[in-house]
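Trainee:
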Amino acid sequence: MRKHREPVEEEKLPDGPMISLRDLRVSYDGREILHGINFDVQRGETLVILGGSGSGKSTLLRTLVGLEIPSSGEVWIRGKNFVEISNMERDEIRKKLGMSFQGGALFGSMTVGENVALPLLEHTKLEQPTVEIMVRLKLDQVGLSGFEDFLPSQLSGGMKKRAAVARALAMDPEILFFDEPSAGLDPIIAAGIDQLILELKKAFHMTIIVVTHELASAFLIADRMVLINKGDLVASGTAEEMRNSKHPRVRQFLDRVPEPAVAQELDYLQMLTEPSSKAGEGRQGKSR
Amino acid sequence: MEFLQATGSAFTNGMAYLGSLATLAGRAAYFTFIGPFQGKPLRLQSALGQAMETGVRALPILSLITFFIGLILALQAAYELKQFGAINYVATAVAVSMTRELGPLITAVIVIGRSGSAFAAELGTMKVTEEIDALETMAIHPVSFLVAPKFMAMVLMLPCLTIWGNFMGILGGSLFGVLQADFTFLRYITSSLDSLFLRDVMTGLVKSLMFGITITAVGCHEGLSTGGGAEQVGRSTTRAVVVSIFLVIIVDLVFTLLFYFLGEQ
Chain A
4 MRKHREPVEE
14 EKLPDGPMIS
24 LRDLRVSYDG
34 REILHGINFD
44 VQRGETLVIL
54 GGSGSGKSTL
64 LRTLVGLEIP
74 SSGEVWIRGK
84 NFVEISNMER
94 DEIRKKLGMS
104 FQGGALFGSM
114 TVGENVALPL
124 LEHTKLEQPT
134 VEIMVRLKLD
144 QVGLSGFEDF
154 LPSQLSGGMK
164 KRAAVARALA
174 MDPEILFFDE
184 PSAGLDPIIA
194 AGIDQLILEL
204 KKAFHMTIIV
214 VTHELASAFL
224 IADRMVLINK
234 GDLVASGTAE
244 EMRNSKHPRV
254 RQFLDRVPEP
264 AVAQELDYLQ
274 MLTEPSSKAG
284 EGRQGKSR
Chain B
-6 MEFLQATGSA
4 FTNGMAYLGS
14 LATLAGRAAY
24 FTFIGPFQGK
34 PLRLQSALGQ
44 AMETGVRALP
54 ILSLITFFIG
64 LILALQAAYE
74 LKQFGAINYV
84 ATAVAVSMTR
94 ELGPLITAVI
104 VIGRSGSAFA
114 AELGTMKVTE
124 EIDALETMAI
134 HPVSFLVAPK
144 FMAMVLMLPC
154 LTIWGNFMGI
164 LGGSLFGVLQ
174 ADFTFLRYIT
184 SSLDSLFLRD
194 VMTGLVKSLM
204 FGITITAVGC
214 HEGLSTGGGA
224 EQVGRSTTRA
234 VVVSIFLVII
244 VDLVFTLLFY
254 FLGEQ
């Protein structure tokens, strides 16, 4: 049924968590990738979503920003069920979210300044000079002053990520999402990105969600962590609790214990999509 | 039985594909014609840029090709006509076949090669580098931001290019007319214009408008449905060209049939 269009009033932020997931399930082509994820993220908290390749953590992040539609379950963002609201309401919420993609996802045909200005020009009625000042401010915040007129192709990997963060910050978001912020960067540049995340958290008290598999970075920035494995949330807790966890999957992940190689395509698909408890039982005989 | 199954599934897939093209074209049309009245931005500047790229920059190659096509048409028509001593009808033959059929078709094929493929490659690359996703997370509708300006440019420029192509074709024919059929340049042009009815030009332009919509829808749809990786971008671009040419021919057939049975012939 078509939802009635009403102007979205500037609502007061509800108390309670900024993000809540309730039994979130996501499927591709009939295969379930996420098997009922539940967690809350409080305002001002930095949550790190850990998980190996193919664990479903990126799918989880894409679902949180509305790029994937869950097959069932609820995604509550700022007190509204992101899955059921109208497109207009979803867009209103999205204006308060910022997302920094793994490769930056900067528009290649626009300069860095135009990239950062885009959301402001699209969603606000600010005059061009004001937008230019805002762009300079945002680029200042990420340490890219003076790079307004550069094209993304002229920037290094780390600078691209910073520019992407500046664009994500353009609308002064309440929630900031990072997809693999340090992937593909050398340790020094990666540490710089971590530092930037910490500064943003300190300065703006933003709610930050980071998807990563870089342990050093995760332990540095996280208030709380969750570990996703084969589409299940297997553990969650503060950095300290995770470090001391006895959960076998957490230990395997933190102690970097290799997994036996996957022999068959079907095994691989099964490994990706089966709930880990079941998969664990099923494969115990084979792998251990 | 298996053959029937395969045919059935190919048919339903084809229909589903046409359905998604129609949906995309419909949404682009919405953002072009209705959206601006509902407070959504009309991206004129971006559309102008696209019009420059798909229209103005296509002029040199379009002029050259349609000029030669006109010349070839004149040669082929004269081959038959001179046997009946009717070589002075060559101007009519060239003018009618250019405006009704070859002008719109050749223009569409050139635009597919230049712009249809470019749309697919541009949007495909943006899909692969997550730029389309980035737009969505910024609450900017990709169809409004990327497809609608292309749609606007094509709907405007393809008929314009077709008119220019028709003119260049007639000019090409006149080269033969003047050198080989005892026309003066002015008499050739007058003779061409006299042989044309407004409906000949209009049917060609209606077709070119539909071709424009088809090329945009296929190019953008292929781009937006690109999977991961650079190889997929190449595949989408190829598909965009092949499918566009095929659908343009089908659209041409449908509209030619329509005009025929409407008694316009």
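Residue numbers (the numbering used here), protein chains in the order written: chain A, 4 to 291; chain B, -6 to 258. From the three backbone atoms N, C-alpha and C, an ideal C-beta is built for every residue, glycine too.
Go ahead and pull the three-state DSSP assignment for R46 of chain A.
Mentor: Residue state for R46 of chain A is assigned as coil, using DSSP reduced to three classes.
Trainee: Residues in its own chain within less than 8 Å of G221 of chain B by CB, not counting five upstream and five downstream?
Mentor: V121
Trainee: With 9 Å as the threshold, decide whether the Cβ of L70 of chain A is near any Cβ in chain B.
Mentor: yes
Trainee: Tell me which residue opens and which closes the alpha helix (DSSP H) that Y72 of chain B is part of.
Mentor: 52 to 74
Trainee: Which residues in chain A sit within 9 Å of E46 of chain B, going by Cβ to Cβ distance?
Mentor: Those do not exist, as E46 of chain B stays about 12 Å from chain A at its closest Cβ, beyond 9 Å.
Trainee: Would you mind reading off the limits of the alpha helix (DSSP H) that contains Y253 of chain B?
Mentor: 223 to 254
Trainee: Listing by chain order, which chain B residues have their CB less than 9 Å from the CB of P122 of chain A?
Mentor: M131, A132, I133
Trainee: Bridge partners for W79 of chain A per DSSP, in chain order?
Mentor: A:S23, A:N84
Trainee: By Cβ distance below 6 Å, which residues in the same chain neighbour A127 of chain B in space, the five residues on each side in sequence not counted?
Mentor: none
Trainee: Rounded to whole angstroms, what is the Cα-Cα separation between T13 of chain B and H214 of chain B?
Mentor: A quick correction: the sequence has Ser, not Thr, at residue 13 of chain B. Using only the alpha carbons, I get a separation of about 8 Å.
Trainee: I want to see whether chain B comes within less than 9 Å of A108 of chain A, judged by CB atoms only; does it?
Mentor: yes
Trainee: Do you know how far the Cα of E124 of chain B is from the Cα of E284 of chain A?
Mentor: Its pLDDT being 41, under 50, E284 of chain A is placed unreliably in this model, and the value from its coordinates should be taken loosely. Cα-Cα distance, rounded: 41 Å.
Trainee: Determine the burial state of R97 of chain A: buried for a count of at least 16 other Cβ atoms within 10 Å of its Cβ, exposed for fewer.
Mentor: buried
Trainee: Considering Cα atoms alone, identify which of A:G57, A:P20, A:V44, A:A108 is closest to K319 of chain A.
Mentor: The requested residue 319 of chain A is not part of the displayed model; chain A covers only 4 to 291.
Trainee: Against K83 of chain A, what residues of chain D qualify as contacts under a CB-to-CB distance less than 8 Å, listed in chain order?
Mentor: Checking the listed chains, one finds no chain D in this structure; the protein chains it contains are A and B.
Trainee: Just checking, does the segment 186 to 205 of chain A make contact with the segment 137 to 152 of chain B on the three C-beta pairs under 8 Å criterion?
Mentor: no
Trainee: Could you work out which residue in B:K75, B:F144, B:G256, B:F176 is closest to F24 of chain B when comparing CA atoms only?
Mentor: B:F144
Trainee: Should the segment 151 to 169 of chain A be called in touch with the segment 101 to 119 of chain A, which here means at least 3 C-beta pairs below 8 Å?
Mentor: yes
Trainee: For K204 of chain A versus T49 of chain A, is the C-beta spacing smaller than 9 Å?
Mentor: yes
Trainee: Return the residues of the segment 106 to 140 of chain B that lie within a Cβ-Cβ distance of less than 7 Å from chain A, sorted by chain order.
Mentor: T122, E123, E124, D126, A127, E129, T130, M131, A132, I133
Trainee: To which residues does DSSP link N232 of chain A through a beta bridge?
Mentor: In DSSP, N232 of chain A forms a bridge with A:D235.
Trainee: Per the contact definition of three or more C-beta pairs closer than 8 Å, is the segment 168 to 177 of chain B in contact with the segment 62 to 78 of chain B?
Mentor: yes
Trainee: Going by alpha carbons, who is nearest to F112 of chain B out of B:A174, B:G197, B:I208, B:N159?
Mentor: B:I208
Trainee: Which residues in chain B have a C-beta closer than 7 Å to the C-beta of H208 of chain A? List them in chain order.
Mentor: What H208 of chain A touches in chain B: nothing, since even the nearest Cβ is about 21 Å away.
Trainee: Is Q45 of chain A buried or exposed, if buried means 16 or more other CB atoms sit within 10 Å of its CB?
Mentor: exposed
Trainee: Could you tell me the alpha carbon to alpha carbon distance between L53 of chain A and M45 of chain B, rounded to whole angstroms?
Mentor: Taking the straight line joining both Cα atoms gives about 48 Å.
Trainee: Rounded to whole angstroms, what is the Cα-Cα separation between I105 of chain B and L164 of chain B?
Mentor: 24 Å
Trainee: Answer yes if the segment 30 to 41 of chain A comes into contact with the segment 84 to 94 of chain A, meaning at least three C-beta pairs across the two stretches below 8 Å, and no otherwise.
Mentor: no
Trainee: Using the three-state DSSP reduction, which class does F112 of chain B fall into: helix, strand or coil?
Mentor: helix
Trainee: Where A18 of chain B and F138 of chain B are concerned, what is the direct C-alpha to C-alpha distance, given to the nearest angstrom?
Mentor: 14 Å
Trainee: Quick check on DSSP: helix, strand or coil for S148 of chain A?
Mentor: coil
Trainee: Between which two residues does the alpha helix (DSSP H) carrying L172 of chain A extend?
Mentor: 160 to 172
Trainee: If you follow the beta strand (DSSP E) that D182 of chain A is in, where does it begin and where does it stop?
Mentor: 178 to 182
Trainee: Strictly under 9 Å for the Cβ-Cβ distance: is P34 of chain B near chain A by that measure?
Mentor: yes
Trainee: Beta carbon of L240 of chain B: closer than 8 Å to some heavy atom of the ligand COA?
Mentor: Summarising the ligand content, the structure contains no ligands, and the ligand COA is consequently not present.
Trainee: List the residues of chain B whose Cβ lies closer than 9 Å to the Cβ of M102 of chain A, in chain order.
Mentor: D126, A127, T130, M131
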